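Participant: Numbering (my numbering), first residue to last: 28 to 491.
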Ligand SMILES: Cc1cc2nc3c(=O)[nH]c(=O)nc-3n(C[C@H](O)[C@H](O)[C@H](O)COP(=O)(O)OP(=O)(O)OC[C@H]3O[C@@H](n4cnc5c(N)ncnc54)[C@H](O)[C@@H]3O)c2cc1C
């Protein structure tokens with residue numbers, strides 16, 4: 028019997044690492060032939076890249092301590108530079124007066140300000156239920172239509188009227204048109220830097236974010252990590268998980284008795300693996316939880332650098348990708364001196380046009396968009412590497428919280444089952460919180476009494 032862990036992302040591996048360090052027996056099952064989940068770093072020739080740039084930032088002392096223990100002087104401090112490509116121009120983020128004004132132009136600035144002032148009335152009378160309601164109330168229709176709607180719909184693939192206001196309240200909490208203008212004014216007058224609520228520097232492992240799961244896995248006892256081993260069945264009786272059924276790489280099915288189970292597999296898939304199966308209402312609720320998928324396209328460019336930025340965001344509907352990053356700007360060790368690479372993120376749904384596209388067509392689309400904004404010419408791209416990532420983000424659609432609650436209520440009585448991680452908990456936050464979930468799940472197994480459901484809630488999100 029052992030403590031069984033489903034998934035080798037940062038959440039599952041942190042739980043395994045913490046248990047193993049205290050001498051508890053662990054066994055991790057990972058369905059893929061590699062570890063790291065969404066936090067892995069890919070090696071492509073002389074280049075390394077994350078699946079979308081992953082900065083590390085935390086206010087949690089236990090997580091900080093764990094990172095020091097794992098990576099020591101591998102962590103470097105990076106000063107953040109990001110821009111938004113809007114209206115055919117690059118706008119600095121955090122916003123500055125000159126950049127915002129230059130980017131929007133006189134007419135657009137006047138129209139978004141006017142629509143914000145009109146929206147104040149609108150915001151006071153409406154119930155805030157959707158992402159659209161939330162943004163209209165705080166920023167007005169002008170900015171909503173110009174920026175928030177096209178970007179959000181590109182990232183999430185659903186109209187803003189179907190996204191829950193929870194999402195905005197968590198990710199852009201505390202921000203409003205008035206706040207943004209006030210911040211810009213104060214900073215202009217005081218000639219000071221960005222507002223304290225924005226993270227302007229972050230930590231990053233010299234060889235990519237994937238060093239975090241790598242180091243966690245390296246420290247596990249030999250034989251405690253099984254790759255290409257999806258969990259296909261979760262047997263339970265009397266309010267306990269009694270065993271996992273795992274498909275082994277040779278196609279056989281193995282039954283592994285469980286003392287405890289830490290699950291970072293998507294919660295909506297976990298319930299479908301339960302044996303005996305849950306009531307139909309639970310399975311129906313699971314079907315309603317949706318995820319956004321991602322195709323990451325790494326492009327090698329025959330130039331030493333493309334831009335100084337860490338991220339550039341592309342809200343325009345005329346550009347098919349949503350965000351890019353240049354790994355070399357995060358750490359010089361991510362690329363050779365004379366060339367650079369760029370990671371282009373195409374948000375999509377598994378099976379859709381982008382997901383199934385011929386990678387060469389995505390290279391053309393990326394080349395066209397990058398050329399349009401003057402960053403790169405198509406002929407500068409010499410090689411490419413596409414990576415498909417399923418379930419990159421849980422989508423907070425209107426009503427998701429009630430569906431999720433059906434699953435959580437059903438799973439709550441399972442006294443030896445611990446849910447952790449982004450999809451394990453269906454919670455959209457950053458990796459440090461998933462690490463904390465893994466850490467605290469392990470501590471609970473060892474006798475502590477942390478509330479795992481309180482980790483990474485809206486109130487705690489690190490950045491406004
Ligand atoms: C584009 C992008 C950018 C991001 N940027 C940042 C950032 O800048 N900073 C930050 O802190 N975080 C960032 N994140 C968040 C972070 O990468 C992830 O959310 C985090 O890695 C989640 O870890 P996890 O362990 O919860 O899940 P995952 O990494 O998804 O791991 C779950 C694992 O479980 C495995 N699995 C699933 N089903 C089964 C099964 N049936 N049997 C066995 N194994 C199974 C999966 O293969 C996977 O390896 C970003 C995420 C994305 C997608």
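The C-beta atom is built at its ideal place from N, Cα and C for all residues, glycine as well.
Note that the coordinates shown come from a computational prediction; the quantities given were computed from them, not determined experimentally.
1. Note down the Cα distance separating residue 367 from residue 108, rounded to an integer number of angstroms.
2. Residue 302: which of 326, 287, 260, 265 sits nearest, CA to CA?
3. Which residues mark the beginning and the end of the beta strand (DSSP E) in which residue 320 is found?
4. Return yes when the C-beta of residue 90 is under 7 Å from any heavy atom of ligand 1, and no when it is not.
5. Buried or exposed: residue 480, going by 16 or more other Cβ atoms within 10 Å of its Cβ?
6. For the alpha helix (DSSP H) holding residue 78, just list the boundary residues, first then last.
7. Any idea which residues DSSP pairs residue 33 with across the strands?
8. With distance defined between alpha-carbon atoms, name the residue in 38, 277, 326, 307 nearest to residue 386.
9. Flag residue 459 as yes when its Cβ comes closer than 7 Å to any non-hydrogen atom of ligand 2, and as no otherwise.
10. By Cβ distance below 7 Å, which residues in the same chain neighbour residue 110 in space, the five residues on each side in sequence not counted?
11. According to DSSP, what are the bridge partners of residue 253?
12. So the alpha helix (DSSP H) residue 259 belongs to, where does it begin and stop?
13. What's the call for residue 317, buried or exposed, on a 16-neighbour Cβ count within 10 Å?
14. If you check the beta carbons only, do residue 329 and residue 391 fall under 8 Å apart?
15. Any heavy atom of ligand 1 closer than 7 Å to the Cβ of residue 301?
16. Kindly indicate which three-state DSSP category residue 474 falls into: helix, strand or coil?
17. I need the boundaries of the alpha helix (DSSP H) containing residue 179, first residue and last residue.
18. According to DSSP, simplified to helix, strand and coil, what is residue 461?
19. Please list the segments of the beta strand (DSSP E) lying wholly inside the region 387-474, counting only runs of 3 or more residues, in order along the chain.
20. Roughly how many angstroms lie between the CA atoms of residue 179 and residue 102, to the nearest whole one?
21. Going by CA-CA distance only, name the one from 175, 194, 195, 157 that's closest to residue 188.
22. Applying the criterion that 16 or more other CB atoms from any shown protein chain within 10 Å of the CB defines a buried residue, is residue 152 buried or exposed?
23. How about residue 231 and residue 66: are their beta carbons less than 8 Å apart?
24. Can residue 81 be considered in contact with ligand 1, in the sense that its beta carbon sits closer than 7 Å to one or more heavy atoms?
25. On the DSSP bridge assignment, give the partners of residue 302 in chain order.
26. Ends of the beta strand (DSSP E) at residue 118?
27. Are the region 466-479 and the region 292-312 in contact at 8 Å, needing three or more beta carbon pairs?
28. Closer than 8 Å, CB to CB, is residue 32 near chain B or not?
29. So, at 6 Å on beta carbons, what are the nonlocal neighbours of residue 44 in its own chain, with the 5 sequence-adjacent residues on each side left out?
30. I need the straight-line Cα distance from residue 34 to residue 263, nearest angstrom please.
31. Consult DSSP for residue 239 and reduce its assignment to one of helix, strand or coil.
32. As a quick exercise: from 54, 63, 53, pick the residue whose alpha carbon is nearest that of residue 448.
33. For my contact list, residue 349 and residue 372 are in at a C-beta cut-off of 8 Å; report their separation, rounded to the angstrom.
34. Determine which residues share a DSSP beta bridge with residue 69 and list them.
35. Whose C-alpha, out of 322, 287, 399, is nearest the C-alpha of residue 442?
36. Pick out whichever of 257, 267, 291 has its Cα sitting closest to the Cα of residue 280.
Facilitator: In terms of the structure at hand:
1. Residue 367 and residue 108 have their C-alpha atoms spaced approximately 17 Å apart.
2. Closest in alpha carbon position to residue 302, among 326, 287, 260, 265, is 260.
3. In the DSSP annotation of this structure, the continuous segment of the beta strand (DSSP E) that includes residue 320 starts and ends at 317-328.
4. Residue 90: no, Cβ never under 7 Å from ligand 1.
5. Counting the other Cβ atoms within 10 Å of the Cβ of residue 480 gives fewer than 16, which makes it exposed.
6. First-last for residue 78: undefined, no H or E at that position.
7. The partner list for residue 33 (beta bridge, DSSP) reads 56, 290.
8. Between residue 386 and the set 38, 277, 326, 307, the nearest pair of CA atoms involves 326.
9. By its list of ligands, the structure shown excludes ligand 2, since it contains just ligand 1.
10. Excluding residues within five positions, the ones whose Cβ falls inside 7 Å are 117, 118, 119, 120, 336, 339.
11. DSSP lists 56 as the beta-bridge partner residues of residue 253.
12. From DSSP, residue 259 is part of no alpha helix (DSSP H) but of the beta strand (DSSP E) over 258-264.
13. Burial state of residue 317 is buried, judged by a 10 Å Cβ sphere holding 16 or more other Cβ atoms.
14. Taking a C-beta distance under 8 Å as the contact criterion, residue 329 and residue 391 do not qualify as a contact pair.
15. No.
16. Secondary structure of residue 474 (DSSP, three-state): coil.
17. 176-183 is the span of the alpha helix (DSSP H), which, as asked, contains residue 179.
18. Residue 461: helix per DSSP, three-state reduction.
19. Complete beta strand (DSSP E) runs here, min 3: 408-422, 444-446.
20. Whole-angstrom Cα-Cα distance: 32 Å.
21. Cα-wise, what sits closest to residue 188 is 157.
22. For residue 152, the predicted model reports a pLDDT of 49, less than 50, meaning its position is unreliable and no value from the coordinates is stated.
23. 8 Å or more divides the Cβ of residue 231 from the Cβ of residue 66.
24. Yes, since a heavy atom of ligand 1 falls inside the 7 Å radius drawn around the Cβ of residue 81.
25. In DSSP, residue 302 forms a bridge with 262.
26. Residues 116-120.
27. No: the two stretches stay apart, fewer than three of their Cβ pairs being nearer than 8 Å.
28. Structure shown: chain B not included; a single protein chain is present.
29. Only 243, 246 meet the Cβ criterion.
30. Looking at the backbone, the Cα of residue 34 and that of residue 263 are separated by about 19 Å.
31. Here residue 239 sits in helix by DSSP.
32. The option with the nearest alpha carbon to residue 448 is 63.
33. Going by Cβ atoms, the distance from residue 349 to residue 372 rounds to 5 Å, so yes, they are a contact pair.
34. Per DSSP, 76.
35. Nearest C-alpha to residue 442 among 322, 287, 399: 287.
36. Each of 257, 267, 291 was checked against the Cα of residue 280, and the nearest Cα belongs to 257.
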